[in-house]
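What follows is a short report on a single structure.
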């Protein structure tokens, strides 16, 4: 996918604790809104320590523009308190020295941290070969037959990650997200533009659905014209 979507380079965008907070903020909202909420949170409190020391009400006010602030603020407060109780601070860089599965297990012991959030922290902050499975990766993987139709998103992490060489996990993750956003969309996928269409078991079904949809639209147009004429 590199020639199609261009090169991707890993760089650590946040500390692990910051990445954790950002990931909580990103749930059920857009990248734009979560970014604004995170930036305002850090502008308001300065550091993760400052966030942890703030009240849930003050955190809620700082992240209000990100959506679901009332639910996310106590979650952030709780998980940061749990981390501080565990290690006496917020430096989670020690996770990079652990075997991957042990690092995942450590994070998943924290309240509200599942396989996706754990993988995001390890992959994006520490450069470890953990495979986060978001909605785009889940959809594309199912359509390509990489995971079965009854496999849930949590189990998909365990299936997809071993399929990819450790050094390719990050670019694979980024490429599948781009492919899901630009080509293999949830509604009206662009199968004719898909570079993997030659081997996609879902392509014939999607193309038949597109033809049927086009026929329905064609039938509706004359009826609409008649109503305008009358």
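In the working numbering, the protein residues as written are -17 to 212. We put the beta carbon where it would ideally sit given N, CA and C, even for glycine. These figures come from a predicted structure and were not determined experimentally.
Going by beta carbon distance, what residues of the same chain come within less than 8 angstroms of residue 80, once the five residues before and after it are set aside? Along the chain shown, read from residue 1 onward, the residue named residue 80 stands at position 98. Excluding residues within five positions, the ones whose Cβ falls inside 8 angstroms are 88.
What are the uninterrupted segments assigned as beta strand (DSSP E) that are 3 or more residues long and contained completely in the stretch 54 to 98, given in chain order? none
Min CB distance residue 107 to chain B below 9 angstroms: This model lacks chain B altogether, as it is built from one protein chain only.
Go through its chain and collect everything with a Cβ distance to residue 216's Cβ below 8 angstroms, but skip five positions before and after it. With the chain running from -17 to 212 in the structure shown, residue 216 is simply not present.
Give the straight-line distance between the Cα atoms of residue 59 and residue 152, rounded to the nearest whole angstrom. The count along the chain shown starts at 1 and reaches residue 59 at position 77. The count along the chain shown starts at 1 and reaches residue 152 at position 170. If I take the Cα positions, the gap works out to 29 angstroms.
Is the stretch 99 to 118 touching the stretch -9 to 6, taking contact as three or more C-beta pairs under 8 angstroms? The stretch 99 to 118 vs the stretch -9 to 6: in contact.
Integer Cβ distance of residue 64 from residue 92, believed to fall under 8 angstroms: On the chain shown, position 82 is the one that residue 64 refers to. On the chain shown, position 110 is the one that residue 92 refers to. Indeed, because the Cβ distance is near 6 angstroms, the residues count as touching under 8 angstroms.
Span separating the alpha-carbon of residue 38 from that of residue 123: The residue you call residue 38 lines up with position 56 of the chain shown. The residue you call residue 123 lines up with position 141 of the chain shown. Cα-Cα distance, rounded: 38 angstroms.
Can you tell me whether residue 14 is buried or exposed, with buried defined as 16 or more other CB within 10 angstroms of its CB? Locating residue 14 in the chain shown gives position 32, counting from the first residue. Counting Cβ neighbours within 10 Å, residue 14 comes out exposed, since fewer than 16 surround it.
Rounding to the nearest angstrom, what Cα-Cα distance links residue 86 and residue 119 in this structure? Within the chain shown, numbered from 1, the residue matching residue 86 stands at position 104. Within the chain shown, numbered from 1, the residue matching residue 119 stands at position 137. Cα-Cα distance, rounded: 19 angstroms.
For the alpha helix (DSSP H) containing residue 139, name the first residue and the last one. As a first step, residue 139 must be located in the chain shown, where it is residue number 157. Note, residue 139: alpha helix (DSSP H), 135 to 142.
Is residue 44 near the ligand MG, going by C-beta to nearest heavy atom under 8 angstroms? Summarising the ligand content, the structure contains no ligands, and the ligand MG is consequently not present.
Sort 98, 176, 150 and 143 by Cα distance to residue 126 and report the nearest one. Here the question's residue 126 lines up with position 144 in the chain shown. Nearest C-alpha to residue 126: 176.
Tell me, please, whether the stretch 17 to 32 touches the stretch 135 to 149 by the rule of three or more beta-carbon pairs shorter than 8 angstroms. Segments in contact, no.
Do residue 50 and residue 11 have their beta-carbon atoms positioned less than 9 angstroms apart in this structure? Numbered from its first residue, the chain shown carries residue 11 at position 29. Numbered from its first residue, the chain shown carries residue 50 at position 68. Yes.
With a threshold of 8 angstroms on Cβ separation, who are the neighbours of residue -6 within its own chain once the five nearest residues in sequence on each side are excluded? Translated into the one-based positions of the chain shown, residue -6 becomes position 12. Correct list, in chain order: 106, 107, 108 and 109.
Classify residue 29 as helix, strand or coil using the three-state DSSP reduction. For this step, residue 29 is matched to residue 47 along the chain shown. DSSP places residue 29 in coil when its eight states are reduced to three.
Taking DSSP as the reference, what is the three-state secondary structure of residue 155? Here residue 155 corresponds to residue number 173 of the chain shown, with the count starting at 1. Of the three classes helix, strand and coil, the one that applies to residue 155 here is helix, per DSSP.
Ignore the nearest five residues each way along the sequence and tell me which others in residue 216's own chain have a CB closer than 7 angstroms to its CB. Absent from the model: residue 216. The displayed extent of the chain is -17 to 212, so no value can be given.
The alpha helix (DSSP H) that contains residue 119, what's its start and end? In the chain shown, counting from the first residue as 1, residue 119 sits at position 137. That run of the alpha helix (DSSP H) goes 117 to 126.
For residue 168, does the three-state DSSP call read helix, strand or coil? Along the chain shown, one-based indexing puts residue 168 at 186. Residue state, collapsed to three classes: coil.
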